[in-house]
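Line order of the protein sequences matches chains A and B.
By my numbering, the letter at position 110 of the first sequence is numbered 110, and the numbering carries on one by one without gaps.
Take any residue in the second sequence, note its place counting from 1, add 315, and you have its number in my numbering.
Taking it in order: structure first as structure tokens, then the write-up.
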Amino acid sequence: MNPSMLFRHEAILALLTGVALFGLAALSDKFFTPGNLLNQGRLMSEVGLVALPMTFVIVTGGIDLSVGSILGLTAILLGVFWQNVGLPLPIAMVAAVVCGTLAGFGNGFIITRFKVPPLIATLATLALYRGLAEGISEARSVRGYPEWFFFFGQGEVAGVPFQLWVLIICTVTASVILGLTPFGRATYAVGANETAARFSGIRVDATKLWIYSAAGFLSAIAAVIFVSRVTTTRSDMGTGIELDVITGVVLGGTSIFGGKGTVVGTVIGLVLIQALKNGLALSGVKGDGTIVVIGAVLIGAILAGALFDRNRGGS
Amino acid sequence: MNKVTLTFALAFGLMTGTAMAGSAWTGGDDQPTSPLACDATPATMAAKPYDGGSPTNPPDRAGKKITVVDIPKLIGIGYFNATSKGIADAATELGNVDAKTDGPTKANIDEQITFIDNYITSGVDGILFAANDPVAIAPVLKKALAAGINVVGYDANSTPDARQWFVNQAQFNGIAKGLVDNMAKEIGEDGSFAIVTSTFTTPNQARWIAEMAAYTAACHPKMKWLETVEAQEDNALSFNQATTLINKYGDELKGIFGMTSVATPAAAEAVTQSKKCGNIAIVGLATPNAMKPYVKADCVKSVVLWNPVDLGYAALQVLRSVSDGTLKPGATSVKAGKLGELQVVNGSEILLGAPYTFTKDNIDKFDF
């Protein structure tokens, strides 16, 4: 595959992001300060962590709408394991992440074993996991975590927020896996043509199970960071995050039909959205105006991507 | 396969073993309650030392123009449109305040935190808020205080050390008493009722329900609580939940409490459409405009509220006094423009006044 074709959408997106950053910096002098940029990095970490496996999911032609519910469920389980069951907090964190991963595995299981389309399966588990979260918590929030726990969501290492380091490490890992390993190539193959992939000997079901479990795992990690950031657990945490994540992934050039997409594109897409949300708010645009702009940018980016696809004459 | 099933079973088992503590009714919080006397004896208010937070090195804002942002639970509902109007009125009257209202379109704490964070970065002088969650909002409000911004809450409190003052519309036990007494008058001492609330973790609703449970246990012990349902400040969901309650309990349901200004008219609409006006009493918190058709049709006898326009007005007046330095920790009252002197209760709360009951006779006098 010709490298210039591969990076077409991502290059345009990077250019657009650069233009946006300069424009927003011009609109408000508080936007391009290190403090603000690092803070935005902190705020976008949760969405970023979930967007990494979502890139894999969408590249295989699937989708996972239940990541927000898995986030909420993990957050509640963290509180329940620590306070009601009485486990020490580090063990409670691990147990909650394990449950989140199992929830993702459950998604993969339903999709591969029962051949339910991912949209329907994850739509169902969206309701199921959210309902579990509300039922288990009985809508009580858990508070009173010890001080050291707040480091994950509010602390810094070498001046950079902790969760931003986690995001960077996970992004590099995900890029390497998707771009340079056989597993990554299998992912692209499944997305491009699942039947051909199966007949080529690629273990399609195992690939999907890994990917959906990873989505559950990273949603759970994002949940722990989120609870640490807001110091409490609520059963409605993460509601709506799946839309932010999917917007970022699709904006980054991943095709919703599968077979195309990069982690780098997703990250640039997320940076663009976060920059717009923050920069517009700083320059005085109200909440509703920001949503309109993000919608317009998404449509524009998709149209631009489709335009260049046609010009390439199909590859 | 067996290993997988076992792991699932274990996980679900771990997940479902929970404790059953807290308020007697679902939807209440687990803080101590203090029900009022069953008759009309007013409550005694014990003095408490100031427990609010304070900004770090705030600049001298006395007499100068300040920019204030108001971030309610959500925008776009009548109640917060009214508080926003009160804030705008106060800003016009004071003359040296630049106030604007901005907030999420759903009552979501994550988004509210992001809004506050952005305004901290953009350098406002004062923040007014109505919290979606008292504990979750605390870190970002403390960040605002650390940046020297004055922080005052209204309608829904945060933890006390995360803001300087909180304008409380009415004492929680006063609202509880008003609602339960009105319901007992309409459905009798042994009636059964259900509650439609926003979410079980919204601070003010949870407080009211806990106080209502305590007051009912003390003064109307034979009244029976059936169920509390969540409707998340959403009109359609409130209507559906109320209809479900009516269908589920049939004749057993004699009354519905609406705990939000969205739930009460929706419940009244559900009762009207099920043709049960007169059989099921609706008592709740709502803005008078939304309830006028039902009150006129005799479907709803009484609506309890305070004046949210006054609430917003008082909140901005308090913020101005705090910025000017005329309201200091330890004060026992504060002058709030046309509302006169407001009392300080509970250390750092400012009481707006007693709740007001709207009935067929007086509802026409109000327009919000």
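All residues carry an ideal CB built from backbone N, CA and C; glycine is no exception.
Nothing here was measured: the structure is a model prediction, and the numbers come from that model.
Scanning the region 657-681 of chain B for uninterrupted beta strand (DSSP E) segments of 3 residues or longer gives 664-666 and 671-673, listed from N- to C-terminal end. Annotation: Cβ neighbours of Ile428(B) in chain A (cutoff 8 Å, chain order): Val230. Beta-carbon to beta-carbon, Glu545(B) and Thr575(B) are separated by about 10 Å, too far to satisfy the 8 Å threshold.
Secondary structure note for Ala51(A): its alpha helix (DSSP H) is the uninterrupted segment Pro34 to Val59.
Chain-order list of chain B residues neighbouring Thr207(A): empty, with the shortest C-beta distance near 18 Å, by a criterion of under 7 Å. Using a CB distance cut-off of 9 Å, Ile390(B) counts as an interface residue toward chain A. For the pair Trp210(A) and Gly108(A), the Cα-to-Cα distance works out to about 8 Å. Think of a sphere of 8 Å around the beta carbon of Gln163(A): no beta carbon from chain B falls inside it, the nearest being about 14 Å out. For Lys539(B), the enclosing beta strand (DSSP E) stretches over residues Lys539 to Glu545. Residue pairing by DSSP places Lys650(B) opposite Glu656(B) in a beta bridge. Scanning chain B for C-beta atoms nearer than 8 Å to the C-beta of Lys30(A) yields Thr436, Ser437 and Gly438, reported in chain order. Taking C-beta atoms as the reference points, Asn604(B) and Gly393(B) count as a pair closer than 9 Å. Collapsing the DSSP output to three states places Glu156(A) in a strand. Pairing Gly253(A) with Leu13(A) gives a Cβ-Cβ distance under 9 Å.
If you keep only unbroken beta strand (DSSP E) runs of at least 3 residues inside the region 161-196 of chain A, you get nothing at all. Under the 9 Å criterion on CB atoms, Thr247(A) is classed as non-interfacial with respect to chain B.
For Ala582(B), the CB contacts under 6 Å within the same chain, skipping 5 residues up- and downstream, are Val511, Ala557, Ile571, Gly573 and Ile597 in chain order. For the C-beta of Gly418(B), the chain A residues within less than 8 Å are, from N- to C-terminus, Gly287. Contact note: Leu37(A) does not reach chain B at a C-beta cutoff of 9 Å; the least C-beta distance is about 10 Å.
Interface criterion not met: the Cβ of Ala26(A) is under 9 Å from no Cβ in chain B.
Between the region 85-105 of chain A and the region 163-182 of chain A, the count of C-beta pairs closer than 8 Å stays below three; the two stretches do not touch. In this structure, the beta-carbon distance from Asn483(B) to Glu656(B) does not fall below 9 Å. For Pro454(B), the chain A residues whose C-beta falls within less than 9 Å of its own C-beta are Phe150, Gly153, Gln154, Arg229, Val230 and Thr231, listed in chain order. Taking the Cα positions, Leu119(A) is about 20 Å away from Ala189(A).
By the Cβ-count criterion, Gly48(A) is buried, with 16 or more other Cβ atoms from all chains shown falling within 10 Å of its own Cβ.
With distances taken between CA atoms, Val384(B) lies nearest to Val412(B) out of Val412(B), Ala491(B) and Ala533(B). Any Cβ of chain B closer than 9 Å to the Cβ of Thr122(A) would place that residue at the interface, and such an atom is absent. At a Cβ-Cβ threshold of 9 Å, Gly463(B) and Asn372(B) count as neighbours. For Tyr469(B), the secondary structure class from DSSP, reduced to helix, strand or coil, is strand. For the beta strand (DSSP E) assignment, the region 220-247 of chain A encloses no uninterrupted run of at least 3 residues. Contact check between the region 434-450 of chain B and the region 468-480 of chain B: three or more CB pairs, one atom from each, fall below 8 Å, which counts as touching.
Pairwise C-beta distances place the region 266-277 of chain A in contact with the region 292-310 of chain A, as three or more of them are shorter than 8 Å. Nearest CB-CB separation between Asp448(B) and chain A: below the 9 Å threshold. Comparing C-alpha distances from Ala405(B) to each of Ala509(B), Phe430(B), Ile428(B) and Ala630(B) shows the shortest one belongs to Ala630(B). Around the CB of Pro34(A), fewer than 16 other CB atoms lie within 10 Å, so the residue is classed as exposed.
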